[in-house]
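Residue numbers (this note's numbering): 288 to 392. Read through the structure below, which is laid out as structure tokens, and then see the notes.
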């Protein structure tokens with residue numbers, strides 16, 4: 288059995304639970320309303336915008352004995368870096384308006 292097959296088998300219940308979540312089934316069956324998409328983009332923008340600098344500060348303060356953790360932080364930063372630009376370039380003028388004038392959470 289390949290690693291992928293093992294992973295599929297080991298996570299079958301969790302994947303089914305995720306795919307049967309009301310928000311997922313609604314999106315698949317009826318689509319995603321623009322207001323929901325815009326709200327998601329607004330939250331995603333703030334998550335990435337603030338997470339990357341926070342992780343950079345955290346990594347800079349880790350002692351040498353936690354070098355393994357610094358490496359994981361660097362990988363996560365590399366994954367997230369620049370994603371706020373993806374949100375700003377989303378194909379929705381409403382999404383751009385929401386990010387440029389966010390409402391307080």
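We treat Cβ as the ideally placed atom computed from N, Cα and C, and that holds for glycine.
Distance cut-off 7 Å: residue i Cβ against heavy atoms of the ligand ADP
i, result
"residue 365", "Summarising the ligand content, the structure contains no ligands, and the ligand ADP is consequently not present."
For residue i, the three-state DSSP class (helix, strand or coil)
i, result
"residue 343", "helix"
"residue 323", "helix"
"residue 289", "coil"
"residue 349", "coil"
"residue 285", "The shown model of the chain, from 288 to 392, leaves out residue 285, and the question about it has no answer."
"residue 298", "coil"
"residue 377", "coil"
"residue 331", "helix"
"residue 308", "coil"
Buried/exposed call for residue i, threshold 16 Cβ in 10 Å
i, result
"residue 374", "buried"
"residue 289", "exposed"
"residue 305", "exposed"
"residue 315", "exposed"
"residue 328", "buried"
Distance between beta carbons of residue j and residue i, contact taken as under 8 Å
i, j, result
"residue 342", "residue 363", "6 Å"
"residue 367", "residue 325", "Residue 367 to residue 325, Cβ: 21 Å. No contact."
"residue 361", "residue 346", "7 Å"
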